[in-house]
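Colleague: Got a structure for you, written out below as structure tokens; questions coming shortly.
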Amino acid sequence: MDLSDLEQLIKGRRSIRRWQAKEVSEDLLLKAIELATWAPNGGNRQNWHFYVILNRETIGRIADAVQTSADLMASWPEAVEMGDTLRRWQATSSFFRAAPAAIAVAAAQYQSLADQILIRREAVDPRAAQMRQWRQTANSRIQSVAAAISYLLLVLHQMGLGAVWMTGPMQAKGEIEKILNVPPGMDLIAFIPVGYPDEEIRPANRRPVTEVGTLIM
Ligand SMILES: Cc1cc2nc3c(=O)[nH]c(=O)nc-3n(C[C@H](O)[C@H](O)[C@H](O)COP(=O)(O)O)c2cc1C
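Per the working numbering, residue 337 is the first one in the sequence shown, and the count goes up by one each step.
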């Protein structure tokens, strides 16, 4: 593969939110997850877990939980003020109900050596408290799993599958974790509906590199 092939793969991927009814094979999804686990990750802890959901009824139960939480939020006076934007958001919160498959991604909780030291010291030393806050801002636990999700989306795209990385459903994190039997010590951080795309790949744009990059010489 030369750079232009890789560029085509990267630029050809779009978030897909409509899928054909066609089933997705378990083997394809497991292969995509296997490749995703080659992502760089903090301390090579590989602190991820992937729940492969091929049962439409389970996807439906998750969609119900997400829709219920969206409806609840929409009923709050703080939300009512948002008008049409809120109604659109509410109406599309559980669009993934139609997906033939989904991958829910969880991150294991862990404390690095540095975290353990800082947690013990932060109460008595403001410098330690600041260091801990900086480390939390650059949360390596979530960054590691996010790296794997990026790989996962590219592999799924290469397989001809369409997916969308979703954090929206996390408003029903507790309910989804119960449905999937996520054990204590793990947190669901993303939900990725997958299937064969049933939408045109629309052109996309990104801010130019001169705007998003700064050369430090
Ligand atoms: C962390 C993260 C959370 C996202 N959450 C949602 C979501 O809840 N619902 C959704 O429809 N898309 C979600 N997306 C998809 C983005 O909207 C999408 O990646 C972005 O608009 C760029 O479009 P593209 O993926 O087609 O290039 C999320 C993406 C990321 C990386």
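All C-beta atoms, glycine included, are put in the ideal place defined by N, C-alpha and C.
Computed from a predicted structure; not experimentally measured.
Is any heavy atom in ligand 2 found nearer than 7 Å to the beta carbon of Gly531?
Modeller: Ligand 2 is not part of this structure, which contains only ligand 1.
Colleague: The alpha helix (DSSP H) that contains Val402, what's its start and end?
Modeller: 392-411 is the extent of the alpha helix (DSSP H) around Val402.
Colleague: What do you reckon, is the C-beta of Val500 under 7 Å from a heavy atom of ligand 1?
Modeller: Correct: Val500 has its Cβ closer than 7 Å to ligand 1.
Colleague: Mark Asn517 as exposed unless 16 or more other C-beta atoms lie within 10 angstroms of its C-beta, in which case mark it buried.
Modeller: Its Cβ having fewer than 16 others within 10 Å, Asn517 is exposed.
Colleague: Check Met418 in the structure and name its three-state DSSP category.
Modeller: Coil, per DSSP.
Colleague: So does the stretch 502-518 actually touch the stretch 460-480, counting three or more Cβ pairs closer than 8 Å?
Modeller: Touching, no, given that fewer than three Cβ pairs across the two stretches are closer than 8 Å.
Colleague: Here's a check: name, in chain order, each residue in its chain whose Cβ is nearer than 8 Å to the Cβ of Ala375, leaving out the five neighbours to either side.
Modeller: Cβ neighbours of Ala375 beyond the five flanking positions: Ser480, Ala483, Ala484, Ser486, Tyr487.
Colleague: Compute the Euclidean distance between the alpha carbons of Ile369 and Gly510, then round it to the nearest angstrom.
Modeller: If I take the Cα positions, the gap works out to 24 Å.
Colleague: Tell me where the alpha helix (DSSP H) around Gly510 begins and ends.
Modeller: That run of the alpha helix (DSSP H) goes 509-516.
Colleague: Can you give me the start and stop residues for the alpha helix (DSSP H) that Asp341 sits inside?
Modeller: Asp341 -> alpha helix (DSSP H) spans 339-348.
Colleague: Going by alpha carbons, who is nearest to Gln494 out of Gly348, Phe386, Ser405?
Modeller: The residue with the shortest Cα to Cα distance from Gln494 is Gly348.
Colleague: Could you tell me whether any non-hydrogen atom of ligand 1 is closer than 7 Å to the CB of Thr421?
Modeller: No.
Colleague: Roughly how far, in whole angstroms, is the beta-carbon of Val402 from the beta-carbon of Ile439, given that I think they are within contact range, below 8 Å?
Modeller: The Cβ separation is near 16 Å, so there is no contact.
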